[in-house]
Amino acid sequence: MAEQAQNAKLKEEGNALFAKKDYEAAVRKYTEALKLDDNNAVIYANRSACFYNRKKYSDALTDATRATGIDPSYAKGWSRAAAAHAALGDEHASARCWKKALDALPAANLTPAERKQKDQYESELKVMQKKVDKPVETLPNKDSVVLKAATVPWTRAQAIGSELVARGIQSSAYVIIGAYQDWASGIEVMSREQTVHLSTGTPIITRGTGALQGLASAILRDPRVFHISDPQWLNKYQDQVVTEARVFDAWTTAGPELVKAEALERLEDEGWRSLKLALGFTVRHWIFWGYMESHLRHRNDVGVEFVGNALEMIRWGQEVWKDVPKHKMGATFAPTFKRGVHAMYLDLYMGACLKDRARFPLKTLYDEAQALLEDCEDVAPHFNSSADVGFTLAFRRYPRGRAYYTIAWYYRKLVSEMPNPQDPRHQDSVRENSLKAGEAYIRAAKEFAIDDIYHVWYLICGLQNLWRCGAPLRLTMHIMKLIRERIPDMMRIWEHDPMTRDGLGAFKYTADVEKLFRAGLQQRKWTIDEALPPDGFVPKGFTVPPLAEDVVATIFQLL
Numbered sequence: 007m008a009e010q011a012q013n014a015k016l017k018e019e020g021n022a023l024f025a026k027k028d029y030e031a032a033v034r035k036y037t038e039a040l041k042l043d044d045n046n047a048v049i050y051a052n053r054s055a056c057f058y059n060r061k062k063y064s065d066a067l068t069d070a071t072r073a074t075g076i077d078p079s080y081a082k083g084w085s086r087a088a089a090a091h092a093a094l095g096d097e098h099a100s101a102r103c104w105k106k107a108l109d110a111l112p113a114a115n116l117t118p119a120e121r122k123q124k125d126q127y128e129s130e131l132k133v134m135q136k137k138v139d140k141p142v143e144t145l146p147n148k149d150s151v152v153l154k155a156a157t158v159p160w161t162r163a164q165a166i167g168s169e170l171v172a173r174g175i176q177s178s179a180y181v182i183i184g185a186y187q188d189w190a191s192g193i194e195v196m197s198r199e200q201t202v203h204l205s206t207g208t209p210i211i212t213r214g215t216g217a218l219q220g221l222a223s224a225i226l227r228d229p230r231v232f233h234i235s236d237p238q239w240l241n242k243y244q245d246q247v248v249t250e251a252r253v254f255d256a257w258t259t260a261g262p263e264l265v266k267a268e269a270l271e272r273l274e275d276e277g278w279r280s281l282k283l284a285l286g287f288t289v290r291h292w293i294f295w296g297y298m299e300s301h302l303r304h305r306n307d308v309g310v311e312f313v314g315n316a317l318e319m320i321r322w323g324q325e326v327w328k329d330v331p332k333h334k335m336g337a338t339f340a341p342t343f344k345r346g347v348h349a350m351y352l353d354l355y356m357g358a359c360l361k362d363r364a365r366f367p368l369k370t371l372y373d374e375a376q377a378l379l380e381d382c383e384d385v386a387p388h389f390n391s392s393a394d395v396g397f398t399l400a401f402r403r404y405p406r407g408r409a410y411y412t413i414a415w416y417y418r419k420l421v422s423e424m425p426n427p428q429d430p431r432h433q434d435s436v437r438e439n440s441l442k443a444g445e446a447y448i449r450a451a452k453e454f455a456i457d458d459i460y461h462v463w464y465l466i467c468g469l470q471n472l473w474r475c476g477a478p479l480r481l482t483m484h485i486m487k488l489i490r491e492r493i494p495d496m497m498r499i500w501e502h503d504p505m506t507r508d509g510l511g512a513f514k515y516t517a518d519v520e521k522l523f524r525a526g527l528q529q530r531k532w533t534i535d536e537a538l539p540p541d542g543f544v545p546k547g548f549t550v551p552p553l554a555e556d557v558v559a560t561i562f563q564l565l
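The structure is reproduced here in structure tokens:
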């Protein structure tokens with residue numbers, strides 16, 4: 007009886023905290039209550055609502071599923087599951103759960119509260135059913151996605167590999183080649199599917215393991231390697247996930263909170279060997295599924311959820327097991343692996359931020375970028391072979407570059423989202439944020455190999471922002487010269503990359519401006535120390551003082 011009273015007390019305290027929107031504290035109360043009674047559907051549903059409001063949708067779904075498992079007639083449990091499924095991009099499952107929520111309500115003589123629930127559930131089901139009934143965007147047919155060997159960057163990179171080794175260049179070729187090797191290894195494992203007949207004559211399908219490790223490593227090295235050339239690829243991938251999850255006894259439907267709790271129990275019962283394999287698969291499944299949601303379905307919000315789950319799990323493991331030898335924990339908790347995941351998280355969060363600023367605040371994106379920068383402080387270059395170059399660029403330098411790019415993008419957004427950035431009253435703020443963006447873009451460019459389209463593009467972005475804030479010609483002309491000199495090597499690998507195609511106009515414009523300014527300097531129309539932006543980069547009425555010499559010197563050092 008005392009335990010029941012304590013359980014009820016904790017539940018009420020959790021409810022009070024929930025009403026105050028202190029969801030984190032409410033989770034703690036509900037968790038304490040569940041330790042006393044782990045067969046309480048209402049408390050699981052309440053904690054699910056807390057997780058949902060904290061935007062931890064995988065955990066919300068885990069608890070809602072537990073609630074409906076305990077009490078299949080609990081309408082609120084089904085409604086929590088429906089909402090979580092919708093947030094995770096699974097409209098079909100959401101619609102099914104809304105139907106079950108409606109079925110769980112009384113057929114007649116509804117109370118006012120139940121009538122309100124029914125109206126809400128019917129409304130939500132109608133919305134979800136419309137999404138389900140929309141034509142499905144299928145993967146392209148096989149003929150339309152056959153990649154031409156002459157255009158893909160990994161083939162072009164391999165063709166000049168020996169030349170790059172001879173020249174000693176720290177090239178993006180090593181990054182994309184390494185990514186493709188990982189990708190190919192994952193695809194090769196998926197292709198090992200065999201049909202074996204048991205002694206009874208029953209056929210069973212066997213598959214190898216390790217595909218997820220290769221595929222996830224590939225997109226962390228360089229997501230530009232992702233490609234599909236088989237309309238059945240997604241089905242094969244899902245079958246592979248089922249196989250590997252069963253072999254490793256991994257978690258595929260649970261959220262991070264359940265995985266953390268069960269991981270500690272498994273470590274005690276089975277040791278590191280079993281846990282390392284299970285967690286390694288689980289984290290990579292989240293990473294790859296999140297990336298596919300973003301890349302194939304353009305659901306950056308869902309991508310943020312799953313890649314965020316992976317990042318949360320890695321951070322937690324690094325803290326909880328900080329004294330455990332690294333070889334026991336495996337590569338999943340290595341600092342370099344975490345940087346790769348964090349960099350991908352930034353990319354997906356930025357895409358989500360563009361679509362839903364209320365749910366994905368700009369300031370959170372900036373804070374995450376700063377956190378990644380801090381995590382990269384111990385990055386030190388050490389090259390012993392071409393393989394080391396590719397790994398160091400992919401997991402040490404490129405994550406730092408993505409962090410700087412994100413910071414630059416943040417400052418550009420501060421300018422572009424001003425109520426009226428053309429108003430001279432805002433000129434100091436525009437100049438300050440443009441300078442911060444310009445310097446961050448240059449810092450980002452520095453981290454990428456000089457033959458990577460990212461390097462060239464970030465130089466262009468940096469240049470355009472420096473034009474807005476009084477940079478002298480001796481600086482901007484030097485940047486334009488670097489862009490001109492580096493485009494040919496970049497085109498040898500990245501000529502057919504979408505960013506290159508989209509940037510052709512900017513390449514030409516930059517080259518034309520350089521020619522114009524060089525001619526003017528030769529004709530002594532202006533001097534090398536003058537700040538001369540092209541037309542359109544400084545609003546009319548703005549007074550732009552020259553850039554301070556120490557700032558100019560700092561940027562020169564970065565180039």
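Numbering (this note's numbering), first residue to last: 7 to 565.
Think of the CB as a built atom: it goes at the ideal place given N, C-alpha and C, for glycine as much as any other residue.
| query | result |
| --- | --- |
| Whose C-beta lies closer than 6 Å to the C-beta of THR342 among residues of the same chain, with five residues either side of it excluded? | PHE401 |
| Rounded to whole angstroms, what is the Cα-Cα separation between VAL151 and GLY357? | Residue confidence for VAL151 is low, a pLDDT of 42 falling below 50, so the modelled location carries little weight; the figure read from the coordinates is stated next. About 24 Å. |
| For the stretch 313-324 against the stretch 241-251, do three or more pairs of beta-carbon atoms, one drawn from each stretch, fall closer than 8 Å, so that the two count as touching? | no |
| Alpha carbon to alpha carbon, how far is ILE234 from ALA70? Give it in angstroms, no decimals. | 34 Å |
| Output the distance between the C-alpha atoms of PHE523 and MET496, rounded to the nearest integer angstrom. | 24 Å |
| Given a threshold of 16 other Cβ atoms within 10 Å of its Cβ, counted over all protein chains shown, does THR549 qualify as buried or as exposed? | exposed |
| Let me confirm a value: GLU453 is counted as buried when at least 16 other C-beta atoms fall within 10 Å, else exposed. Which label applies? | buried |
| If I'm right that LEU378 touches ALA409 with Cβ under 8 Å, what's the distance once you round it to whole angstroms? | 4 Å |
| Looking at the structure shown, is PRO159 part of a helix, part of a strand, or coil, going by DSSP? | helix |
| Would you mind sorting ASP518 into buried or exposed? The rule is 16 or more other CB atoms within 10 Å of its CB. | exposed |
| So, at 7 Å on beta carbons, what are the nonlocal neighbours of ILE49 in its own chain, with the 5 sequence-adjacent residues on each side left out? | LYS17, TYR36, ALA39, LEU40 |
| For GLU555, is the classification buried or exposed, using 16 other Cβ atoms within 10 angstroms of its Cβ as the cut-off for buried? | exposed |
| Runs of 3 residues minimum, wholly inside the stretch 399-444: which ones carry the beta strand (DSSP E) assignment? | none |
| Just list the alpha helix (DSSP H) runs in the stretch 51-125, keeping only unbroken ones of 4 residues or longer that don't cross its boundaries, in chain order. | 63-76, 81-93, 97-110 |
| Note down, in chain order, each residue of its chain lying with its Cβ closer than 6 Å to the Cβ of SER177, except the 5 sequence neighbours on either side. | LEU170, ALA455, ASP457 |
| If the criterion is Cβ atoms closer than 8 Å, does the pair ALA284 and PHE312 meet it? | no |
| Is PRO551 helix, strand or coil when you go by DSSP? | coil |
| Would the stretch 474-492 count as touching the stretch 158-168 if we require 3 or more Cβ pairs under 8 Å? | no |
| Would you list the residues sitting across from PRO478 in a DSSP beta bridge? | ALA537 |
| Quick one: residues in its chain with C-beta nearer than 6 Å to the C-beta of ASN471, no 5 flanking neighbours on either side, listed in chain order? | SER440, ALA443, GLY444 |
| Give the DSSP-derived three-state secondary structure of ALA32 in the structure shown. | helix |
| Does the stretch 284-296 come into contact with the stretch 255-275, if we say contact requires no fewer than three beta-carbon pairs (one atom in each stretch) closer than 8 Å? | yes |
| Confirm, please, whether the CB-CB distance from GLY314 to TYR372 is below 8 Å. | no |
| Taking the alpha helix (DSSP H) that THR288 falls in, what are its first and last residues? | 278-303 |
| To which residues of the same chain is LYS487 closer than 8 Å at the C-beta, ignoring the five residues directly before and after it? | GLU520 |
| Going straight from the alpha carbon of LEU399 to that of ALA190, what length do you get? | 20 Å |
| Which residues in the same chain as ASN306 place their Cβ atom closer than 6 Å to its Cβ, once the five residues preceding and following it in sequence are excluded? | SER300, LEU354, GLY357, ALA358 |
| Considering only the alpha carbon of each residue, which of ALA90, ASP43, TYR80, ALA337 lies closest to ARG60? | ALA90 |
| To the nearest angstrom, report how far apart ALA31 and GLN135 are at their CA atoms. | 35 Å |
| Among residues of its own chain, excluding the 5 on either side of PRO545, which ones have a beta-carbon nearer than 6 Å to its beta-carbon? | GLN428 |
| Three-state secondary structure (DSSP) at ALA260? | coil |
| Look at the alpha carbon of SER129 and the alpha carbon of SER79, and state the distance between them as a whole number of angstroms. | 20 Å |
| Classify ASP188: buried if its beta carbon has 16 or more other beta carbons within 10 angstroms, exposed otherwise. | buried |
| Classify GLY323: buried if its beta carbon has 16 or more other beta carbons within 10 angstroms, exposed otherwise. | buried |
| Assuming ARG431 and VAL462 are in contact, meaning their beta carbons sit under 8 Å apart, how far apart are those beta carbons, in whole angstroms? | Not a contact, Cβ separation roughly 35 Å. |
| So what's SER178 in DSSP terms, helix, strand or just coil? | helix |
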